[in-house]
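Asks: Following UniProt numbering, the numbering of the sequence shown begins with 1 at its first residue and continues without gaps.
Here a beta-carbon is modelled for each residue, glycine too, at the ideal position from N, C-alpha and C.
The model shown is predicted, which means the values in this text are computed figures rather than measured ones.
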Amino acid sequence: MDVESATVVRLVEQFLKEHNLQKTLETLQKETGISINTVDNVDTFKSDIIKGKWEAVLASVEQAGIAQGKLVDLYEHIIIELVELRDMGPARALLRQTEPMEIMRTSQPDRYLKLEQLLSRTSLDLNDAFGGKGTKESRRVEIANSLASEVSTAPPSRLLTLLGHSIQWQKQQGVIPDGVPYDLFYGRTQEVVSSGEDKPPTKLLATIKFPKNEHPGSLAFSPNGEYIATGSIGGFIEFWSAMTGKIANELDFQAKGSLMMMEDAVTSLAFSHSGDLVCAGANDGKVKAWKVKSGSIAKRFPAAHSQRVSSVAFSRDDTQILSGSADGIIRIHGLKSGNMLREFRGHTAAITSAVFTEDMSRVVSTSDDGSLRIWESGSAECLYTVLPGSDKLGLSMPGILKAQAIPGRPTEFIVCTKSPTIYVVGIDGQVKRSFAAKQGPCNEFLAAAVMPRGKLVLAVSDTSALHCFDIETGLPLDNTPKIADAEIFGMACHPSLSIVAFFSNDRHVPIWAS
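1. Taking S120 as part of the beta strand (DSSP E), name the residues at either end of that continuous run.
2. Report, in whole angstroms, the separation of the C-beta atoms of A484 and S464, which I expect to be a contact under 8 Å.
3. S420 by DSSP, collapsed to three states: which one?
4. Should the stretch 41-48 be called in touch with the stretch 78-87, which here means at least 3 C-beta pairs below 8 Å?
5. Using the beta-carbon count (16 or more within 10 Å), is F185 buried or exposed?
6. Using CA coordinates, which residue listed in V431, A448, A220 and G346 is at the minimum distance from S365?
7. What residue range does the beta strand (DSSP E) around S157 cover?
8. With C-beta atoms as the reference, is V450 less than 8 Å away from C416?
9. Rounded to whole angstroms, what is the Cα-Cα separation between V193 and Q168?
10. Are the beta-carbon atoms belonging to R308 and N283 less than 8 Å from one another?
11. If we count the other Cβ atoms within 10 Å of its Cβ and call it buried at 16 or more, is M88 buried or exposed?
12. Buried or exposed, going by whether 16 or more other CB atoms sit within 10 Å of the CB of Q97?
13. Identify whether R316 lies in helix, strand or coil by the three-state DSSP scheme.
14. Whose CA, out of L160, E250, M243 and K438, lies closest to the CA of V8?
15. If distances are taken between C-alpha atoms only, which option among E226, T27, G399 and L387 comes closest to E250?
16. So, I321 versus L335, is the Cβ gap smaller than 8 Å?
17. Just the C-alpha distance for G134 and I50, rounded to the nearest angstrom, thanks.
18. Using DSSP bridges, identify the partner residues of Y384.
19. Considering only residues of the same chain and omitting the five flanking positions on each side of G275, which have a CB-CB separation below 7 Å?
20. Considering only their Cβ atoms, is the gap separating S498 from P201 smaller than 8 Å?
21. Relative to the C-alpha of V39, which candidate in Q22, T27, T32 and I66 has its C-alpha closest?
22. Could you spell out the range, first to last residue, of the beta strand (DSSP E) harbouring E238?
23. DSSP has P510 in a bridge; who is on the other side?
24. Any heavy atom of the ligand FAD closer than 7 Å to the CB of V42?
25. How many Å lie between A448 and E197 at the Cα?
26. Where does V193 fall in DSSP's three states?
27. At which residues does the beta strand (DSSP E) containing residue 515 begin and terminate?
28. Whole beta strand (DSSP E) runs in the stretch 304-356 with 3 or more residues, listed along the chain?
29. I'd like to know whether the C-beta atoms of R331 and S337 end up nearer to each other than 8 Å.
30. How big is the Cα-Cα spacing for L16 and A289?
31. I need the boundaries of the alpha helix (DSSP H) containing R10, first residue and last residue.
32. Which residues does DSSP pair with G231 in a beta bridge?
33. S379 to D359, Cα distance in whole Å?
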């Protein structure tokens, strides 16, 4: 099907009109000689004329491309009514400063002179002013019918609607990959990252925005990288596009306005390895597992802990949930039974993170007490207690924020402490390497995460600067961009791309990319 160029021009003109780009619209109409000849609603347009709502009428006809002869009749009638109301300023402006009246002045000078004389009279005879062609009301109806035949109506935002339909069709045909930013002008997906290697993020890709009086308390990427799940202080769990930061309305329950909700602030989140479930821990000690597609609850753990749940994680086979709490206790819960299966005690302060090793034989935990502990998952026996940096800091041990397995190195973990140093610790309890911030002020790190290929580790300092280290050499990379003005509370890396998301106590979740 061929599309006429005039149709394309009208689509652009409608876009310009709807976005109040009047000068551009006038220029385009003048250069092409094509007008859109549309109003928002023909019946409303006629009604406005009959009721004498002249401000609305003039706004409608300004860009409607109505024949000049009919515009002359309209403007003449409006001027007469304004004179009747003794509203002389607008009457003079319409007579002397508008194109239809200028056309009347040059083509029908006697008719124009009659209007000029009306402006100087102290009284007005409407029958004489209308030339005996009917009453004011009948003239309104006549003009309304005449102008209505000149215009039509079209659905709003046709250009954007058609472009949206085109993109949707191309996604359905597999021409455009779903969930990836698409540059409509160049006709290609936006290259935001290199898929072959870890690269430090250098630019803001998108921002998730929360309502007023809300902010995130946790976040996690889905295993396929399509979604970012956020948990808010209000107890809501929502899913967003990891590429655009927009709410994921392809999930039916979100499109319908339904929400996953905890009874208290959501303080920890984790996806199952299949991506079918998301687990949330709350400030009141409760844990729930939800089905991502339907938004329904899969399992409740109402007495998981007595205090805030600071960490949740799934086992590799997605049959168990590991939780850590501010009560200093780590527990394993059976997803099918809903029962507590094992308990790990030994930390003397709040748990900050707890994860299974890949083979599920060990549990690695960190705490505000400054220790990392490695446990035998079957017996809950503590095999090793590690105090990173004890040789440097003596008895004053900084708390540990997080331990995360290094991709491709299942026996090594990145350990972020509340200090300017990050450590690599082995499953044997040995500290392998350490990284220290060297660029910019950094009293301590507040969050850290490993990039998907295990080559780089990212850490955010107390000045919200992002530091990047080569895991193999321990050397810092030069660039240290500032992520946000607010203090960062946590972060997570995309499972396959060089993308990272951050959260703090403000309303925004910045998503950065390389």
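Replies: Here's the rundown:
1. Where S120 is concerned, there is no enclosing beta strand (DSSP E), although the alpha helix (DSSP H) it sits in stretches over P109 to S120.
2. 5 Å
3. Here residue 420 is Pro; the residue named in the question, Ser, does not match the sequence. Correct three-state label for P420: coil.
4. no
5. exposed
6. G346
7. That residue, S157, is in no beta strand (DSSP E); it is neither H nor E in DSSP.
8. no
9. With a pLDDT of only 47 at V193, under the threshold of 50, the placement of this residue in the model should not be trusted; the figure read from the coordinates follows. Each residue's Cα considered, the two are about 23 Å apart.
10. yes
11. exposed
12. exposed
13. coil
14. L160
15. E226
16. yes
17. 14 Å
18. I374
19. S222, P223, N224 and V292
20. yes
21. I66
22. F236 to S241
23. T207
24. Summarising the ligand content, the structure contains no ligands, and the ligand FAD is consequently not present.
25. 19 Å
26. For V193, the pLDDT reaches just 47, beneath the cut-off of 50, and the residue's location in the model is therefore unreliable, although a value from the coordinates is still provided. It is coil, neither helix nor strand.
27. Because the chain in this structure spans residues 1 to 514, residue 515 falls outside the shown range and cannot be described.
28. 309-314, 320-325, 330-334, 340-344 and 351-356
29. no
30. 48 Å
31. S5 to E18
32. S218 and I237
33. 15 Å
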